[in-house]
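Participant:
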Amino acid sequence: MRDPMNKRFLREFAKDWKKNLALILLMSFMIALASGMEVGNKSMLKSIEASSETYNLEDGHFILKTEGSDALLKKIEEENNLKIYKQYYKEVDQVTEESKKAAEPDLIRVFPERTEVNKICLMDGRFPEAEDEIVIDRLHAEIRKINIGDTIGVDGLNLKVVGTIAAPDYTSLFQRNSDLVFNSISFDIGFMTQAGWDKLNGSRKFEYAYIYNDEPSNVKEQKKLADSAMQKIAVLAATGGYTSDLSVAKALESDPSSMVALQDYMADMNELMDFLPEYANQAIHFAPNDMKKDTNIMGIMVYIFIAILAFVFAITTSNTIVKEAAVIGTLRSTGYTRGELLRHYMLTPVLITIVSAAIGNLLGYTLAKDVVVNMYYENYCMIKYQTYWNAKAFLITTLIPLVLMILINFIIIFRKLRLSPLKFLRRDLSTSKRKKAMRLPRVGFMNRFRMRIFLQNIGSYIVLYVGIAFVMLLLAFTIGLPETIEHYKSEIKDNQISEYQYILKNSKDEAGNEITTSEETAERYAISSLETISGVHVGEEVSVIGVSKDSRFVKGTEGLTGNEVLVSSAFKEKFGLKNGSTLTLGDKYSDETYDFVIKGVYEYQGGIGIFMPIENYNTYFGLDEGTFTGYLAANAITDIDVDNIYMTITLEDIQATAVQFDRSMGGMMDYISVGCAVLAILIIFLLTKLIIEKNAVSISMVKVLGYENREINSLYVRLTTILVIIFAIGTSFLAVLGLKLLFKLVMYTMNGWFSGYISPLGMVKMIAIMIICYLIVMVFDMRRIKKIPLADALKNVE
Amino acid sequence: MTKEEFLTVSNVCKAFGTGDSRQEVLRGMDFTVAKGEFCVLLGPSGSGKSTLLNIIGGIDSADDGYISIAGDKLRDMNEKMLTRYRRKHLGYVFQLYNLIPNLNVKENIEVGAYLSDKPLDIDELLNTLGLWDHRYKLPNQLSGGQQQRTSIGRAIVKNPDILLCDEPTGALDYNTSKEILKLIEDVNQKYGNTIIMVTHNAEISKMADHTIKLRDGKVRKNIVNDNKISAVELEW
């Protein structure tokens with residue numbers, strides 16, 4: 012026989028349908044956001060991953076100075092066991108109505124149609140068929156308001172835009188791989204028919220994509236193959252395919268008579284201008300890497316949210332248990348087990364969670380996912396995606412909420428049901444031993460009355476305190492996240508290493524002269540990258556920076572010897588590093604590890620890095636004396652040829668991660684703030700309702716005695732108002748601590764380090780939101796008190 | 129004919145509180161009840177009758193002495209065993225009916241039936257209880273008597289060996305009380321359950337097979353009633 016008590020579920024649900032519906036809507040909304048985030052994010056990432064198959068993504072590409080001869084290309088293929096595909100392009104001006112407003116025209120990199128490798132994904136319209144037709148990047152078209160059918164000026168020709176596309180090798184529009192930030196505004200890519208492309212006047216860039224015949228199994232192998240390929244291609248190009256062996260090539264160079272041997276290869280000689288393996292290509296990896304950061308915070312917020320709702324359910328159920336004490340006592344005395352009753356009372360929250368998870372996931376896989384995906388489409392040049400079933404989304408949005416709901420309800424309801432059947436029958440559910448009334452200070456009657464109400468309902472007020480603490484934590488997140496990012500931006504502005512950082516392609520120019528500058532503030536430095544192999548986040552990228560001993564930018568390295576380093580304050584905070592301890596870092600692309608002794612902290616929140624004198628740096632890494640990577644400077648360096656500069660890092664570039672983080676999470680925060688305010692109202696509403704219901708007989712009694720509603724409100728509502736204000740202020744500090752702790756946990760899963768921050772004004776905002784939410788609830792509370800009938804006091808209460 | 133001893137109450141003692149506030153409620157009670165017997169525990173307020181009933185029901189425990197049912201001593205049972213004991217052997221009827229407010233009459237009775245492997249036929253029971261026409265009503269649509277009938281139905285649907293009734297007519301008017309007593313009498317005769325009823329109404333003892341008179345926590349009289357009358361004949 013099925014438990015007849017289960018029949019109560021629908022009736023209980025219907026009885027409190029407004030509350031239950033509100034809970035379901037709230038929970039579904041939150042789960043939909045988390046599910047949409049996770050599903051959209053992972054579907055997009057999976058589609059990108061699958062694009063290497065779908066669109067035959069390159070394993071890398073290289074650029075030769077002139078068109079590579081067939082013989083040279085064949086030799087490169089043979090020597091490196093790879094297949095080469097021509098991917099020539101022309102980089103020319105693009106003029107549109109929007110770009111005319113800018114000082115300079117946009118730049119478009121135009122390729123002829125691709126059929127074999129890096130195949131393009133048509134987002135809208137059709138592929139070009141005529142010579143004067145072009146398809147361009149979808150995101151750029153949207154930003155520059157170019158519609159299909161518009162005509163744009165490309166290299167002086169008028170071309171009709173017949174479609175928008177996404178290319179798997181340009182998921183973010185990086186013009187150069189060394190750029191720190193992509194540029195979807197003034198940089199574009201386009202594709203034309205071969206005949207149309209031939210008509211463009213711009214000079215051809217001889218780019219060749221390649222795919223290995225034997226696919227490397229991991230990044231380390233990729234790196235090994237790429238290092239070898241780069242060297243071989245450079246040597247083969249320089250010798251016209253004569254040799255790929257660097258030592259042979261060097262020997263030839265030093266022996267003029269060897270030119271005879273190269274006679275037959277002269278026509279094939281070339282020069283390797285650029286080499287970029289796929290794994291290091293920002294245009295391919297920046298977007299997915301950035302997207303991978305997005306879902307962590309959302310998960311944590313859902314958990315807080317569900318924990319709050321679970322708490323609300325548990326408290327509501329506890330109240331039901333109090334009301335049904337005699338029934339429970341009867342059932343227990345006739346043989347119902349505690350477990351059966353526990354299951355019965357947990358049924359409602361569990362079923363509501365399941366229903367909400369179902370609705371939330373449904374919305375997550377449809378509407379919310381589209382919101383998230385659109386967010387990505389607004390930032391990146393994403394290919395078309397397919398929605399994939401996501402086990403992690405199921406875990407985050409269904410299993411974990413369900414477990415949280417069950418756990419929190421179990422703990423609270425089990426405690427309540429632990430009492431003996433007799434206690435239930437006697438409706439004596441208090442666990443307090445206190446029987447005598449507490450003596451109160453000699454204050455006015457009404458104040459003493461309030462104190463008595465407080466003491467009598469202390470348990471309920473503790474519950475209200477916990478509920479407010481939960482909501483304040485959520486508010487701290489929604490208000491604190493944007494503030495944290497702003498704070499981080501201003502913090503790194505105040506203590507960046509230097510205003511300008513230049514990374515050179517080589518420390519010597521083409522003529523072999525060391526690259527110098529007359530900029531007075533410039534000083535040489537060296538930089539490389541290693542990764543953590545232990546600690547809170549394995550695989551975290553660590554910048555190893557060598558600076559001048561008397562550096563004006565990084566102070567405190569002068570006394571360091573050997574492998575002694577200063578660690579950035581961000582690194583120290585995140586990994587809990589200690590002075591005097593040994594730090595071991597690994598090379599991402601090999602199994603080599605490096606030990607460093609921590610000698611102090613350099614106040615730098617902008618990144619995870621270690622600092623040492625450049626002389627020690629060169630010695631430790633086995634580099635020639637005097638080797639350097641670039642310059643740190645307080646002012647812009649103007650006397651170094653831009654061709655020699657690989658990368659310039661300014662404040663904006665350092666802040667780019669935070670800006671991107673803000674852009675991807677900021678939108679979500681608006682939705683969450685609304686949910687948070689509704690939740691605050693709901694929680695205070697439910698908890699204050701419980702207090703009033705619990706005191707209904709007393710309230711009715713004072714009504715019978717002749718108290719007016721105004722006086723009753725001043726007893727019950729004013730007390731609650733005072734307590735809500737005290738609780739809001741008190742819990743705001745706890746919430747900020749919670750924010751910092753949870754932020755730490757989130758950052759442990761990501762690269763970089765921002766510590767959670769909320770300003771005093773932010774705290775005031777949190778308190779103000781809480782109080783405003785309460786004031787709304789207060790109106791309902793006063794109405795509820797007004798509605799309590801006088802007859803309640805006269806009912807037979809056992 | 130000697131009846132089979134079913135329930136034994138042996139030297140049961142119970143006190144509440146400590147120190148000055150210690151109050152002995154049961155001071156060594158001894159009696160037995162035979163299987164199928166209708167036994168009334170009669171006494172004024174504070175005589176310990178409800179406490180004794182709760183100890184027999186396994187929802188309270190004796191400080192000393194023991195209760196045994198069909199040879200099984202309750203004091204030897206842990207909480208799980210006691211729950212199983214109540215589930216298998218006991219039906220409870222209280223003065224305040226304690227029905228589940230959002231289940232109808234039939235469903236409230238099903239709550240009891242759920243506990244038994246071989247429950248009585250619910251439809252037949254509804255007829256016996258005179259509740260057939262009210263079976264789909266919620267408790268708040270019923271009179272006090274109908275609610276008490278429902279609670280009796282819930283208690284006996286699992287056909288318990290013992291039906292414990294704690295002042296089942298305490299909250300009812302004269303006529304309804306008699307109806308309920310008649311019903312309990314019918315149940316006793318029809319299903320053969322042992323019935324232990326707590327009351328302070330001496331008249332009710334006239335319908336019992338066996339009356340235990342309690343005062344100040346002790347058995348003052350243990351009367352076997354050879355001339356019992358039907359519930360309909362009771363007057364007070």
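In order, the protein sequences belong to chains E and P. For the first sequence, counting from 1, position 616 maps to 627 in our numbering; every step adds exactly one. For the second sequence, counting from 1, position 206 maps to 334 in our numbering; every step adds exactly one. Virtual Cβ for every residue (Gly too), placed ideally from N, Cα, C. This structure is a prediction, so every number in the text was calculated from the model and none was measured.
Report the residue from 785/E, 408/E, 470/E whose alpha carbon sits nearest the alpha carbon of residue 309/E.
Facilitator: The shortest Cα separation from residue 309/E among 785/E, 408/E, 470/E belongs to 408/E.
Participant: How about the region 108-125 of chain E and the region 197-211 of chain E: do they share at least three Cβ pairs that are nearer than 8 angstroms?
Facilitator: Yes, they touch.
Participant: Starting from residue 221/P and walking both ways along the alpha helix (DSSP H), at which residues does that stretch end?
Facilitator: No alpha helix (DSSP H) holds residue 221/P; the beta strand (DSSP E) holding it covers 218-221.
Participant: Buried or exposed: which applies to residue 269/P, given that a residue is buried once 16 or more other Cβ atoms fall within 10 Å of its Cβ?
Facilitator: Residue 269/P comes out exposed.
Participant: Round the Cβ separation of residue 457/E and residue 726/E to the nearest angstrom and send it over; I've been treating them as touching at under 8 angstroms.
Facilitator: Sure, about 7 angstroms apart at Cβ, within 8 angstroms.
Participant: Are the beta-carbon atoms belonging to residue 161/P and residue 333/P less than 8 angstroms from one another?
Facilitator: No, the Cβ-Cβ distance between residue 161/P and residue 333/P is not below 8 angstroms.
Participant: Please name the residue in 296/E, 161/E, 289/E whose C-alpha comes closest to that of residue 192/E.
Facilitator: Nearest C-alpha to residue 192/E: 296/E.
Participant: Do you know offhand how far residue 592/E's Cα is from residue 557/E's?
Facilitator: About 20 angstroms.
Participant: Which residues does DSSP pair with residue 328/P in a beta bridge?
Facilitator: Per DSSP, none; premise fails for residue 328/P.
Participant: Please report how far the alpha carbon of residue 511/E lies from the alpha carbon of residue 562/E, in whole angstroms.
Facilitator: Cα to Cα, residue 511/E sits roughly 14 angstroms from residue 562/E.
Participant: Within 8 angstroms of any Cβ in chain P, is that where the Cβ of residue 433/E sits?
Facilitator: Chain P, which has a Cβ nearer than 8 angstroms to the Cβ of residue 433/E, makes this yes.
Participant: In whole angstroms, give me the CA-to-CA distance for residue 253/P and residue 285/P.
Facilitator: Their Cα atoms are separated by approximately 7 angstroms.
Participant: Compare the beta carbon distance of residue 276/P and residue 267/P with 8 angstroms and say whether it is the shorter of the two.
Facilitator: Not closer than 8 angstroms, so no.
Participant: Let's test the definition: count the other Cβ atoms within 10 Å of the Cβ of residue 649/E and tell me whether it reaches 16, buried, or not, exposed.
Facilitator: The residue in question, residue 649/E, is exposed, as its Cβ has fewer than 16 Cβ neighbours within 10 Å.
Participant: Could you compute how far the alpha carbon of residue 720/E sits from the alpha carbon of residue 28/E?
Facilitator: Rounded to the nearest angstrom, the two C-alpha atoms are 28 angstroms apart.
Participant: Out of curiosity, what's the CA-to-CA distance linking residue 526/E and residue 372/E?
Facilitator: Going from the Cα of residue 526/E to the Cα of residue 372/E covers about 58 angstroms.
Participant: Comparing alpha-carbon positions, which option in 257/P, 173/P, 238/P, 326/P lies nearest residue 13/E?
Facilitator: With distances taken between Cα atoms, residue 13/E lies closest to 238/P.
Participant: Whole angstroms are fine: how far does the CA of residue 238/E sit from the CA of residue 229/E?
Facilitator: Straight-line Cα distance between these residues: approximately 14 angstroms.
Participant: Contact criterion: CB-CB distance below 8 angstroms. Does residue 231/P meet it with respect to chain E?
Facilitator: Yes, because at least one Cβ of chain E sits closer than 8 angstroms to the Cβ of residue 231/P.
Participant: To the nearest angstrom, how far is it from the Cα of residue 710/E to the Cα of residue 792/E?
Facilitator: Their backbone Cα atoms lie some 13 angstroms apart in a straight line.
Participant: With DSSP as the reference, identify every bridge partner of residue 285/E, one or two as the case may be.
Facilitator: Answer is 74/E.
Participant: How many Å lie between residue 250/P and residue 795/E at the Cα?
Facilitator: Between residue 250/P and residue 795/E, the C-alpha separation is close to 42 angstroms.
Participant: Determine the closest residue to residue 164/E out of 604/E, 119/E, 190/E, with distance taken between C-alpha atoms.
Facilitator: Ranking 604/E, 119/E, 190/E by Cα distance to residue 164/E puts 119/E first.
Participant: What's the C-alpha gap between residue 340/E and residue 435/E?
Facilitator: Whole-angstrom Cα-Cα distance: 5 angstroms.
Participant: Between the region 265-290 of chain P and chain E, which residues of the former have CB atoms less than 7 angstroms from a CB of the latter, in chain order?
Facilitator: If the cut-off is 7 angstroms between Cβ atoms, the region 265-290 of chain P has 283 near chain E.
Participant: What are the boundary residues of the alpha helix (DSSP H) that residue 220/E is part of?
Facilitator: Taken as a continuous stretch (DSSP letters only), residue 220/E belongs to no alpha helix (DSSP H), being part of the beta strand (DSSP E) at 215-223.
Participant: Closest Cβ-Cβ distance between residue 338/E and chain P: below 8 angstroms?
Facilitator: Closer than 8 angstroms: yes.
Participant: Relative to the C-alpha of residue 217/E, which candidate in 258/E, 281/E, 187/E, 277/E has its C-alpha closest?
Facilitator: Closest option to residue 217/E, Cα to Cα, is 281/E.
Participant: Please check the pair residue 713/E and residue 723/E, which I expect to be a contact at CB under 8 angstroms, by giving their CB distance rounded to whole angstroms.
Facilitator: Confirmed, Cβ separation roughly 6 angstroms.
Participant: Identify every run of the beta strand (DSSP E) within the region 582-626 of chain E, keeping only runs that are complete inside it and at least 3 residues long; order them along the chain.
Facilitator: As far as the region 582-626 of chain E is concerned, its whole beta strand (DSSP E) runs of at least 3 residues are 593-597, 604-613, 620-624.
Participant: Counting C-beta neighbours from all protein chains within 10 Å, is the total for residue 549/E 16 or more, i.e. buried, or is it exposed?
Facilitator: So residue 549/E ends up on the exposed side.
Participant: Nearest-angstrom Cα distance between residue 97/E and residue 46/E?
Facilitator: Straight-line Cα distance between these residues: approximately 42 angstroms.
Participant: Going by other Cβ atoms of all chains shown within 10 Å of its Cβ, with 16 needed for buried, is residue 418/E buried or exposed?
Facilitator: With fewer than 16 Cβ atoms within 10 Å of its Cβ, residue 418/E is classed as exposed.
Participant: Report yes or no: is there a C-beta of chain E within less than 8 angstroms of the C-beta of residue 194/P?
Facilitator: Chain E, which has no Cβ nearer than 8 angstroms to the Cβ of residue 194/P, makes this no.
Participant: Counting only Cβ pairs nearer than 8 angstroms, list the residues of chain P close to residue 23/E.
Facilitator: What residue 23/E touches in chain P: 230.
Participant: By the three-class DSSP mapping on this structure, what secondary structure does residue 203/P have?
Facilitator: The answer is helix: DSSP assigns residue 203/P an H, G or I state.
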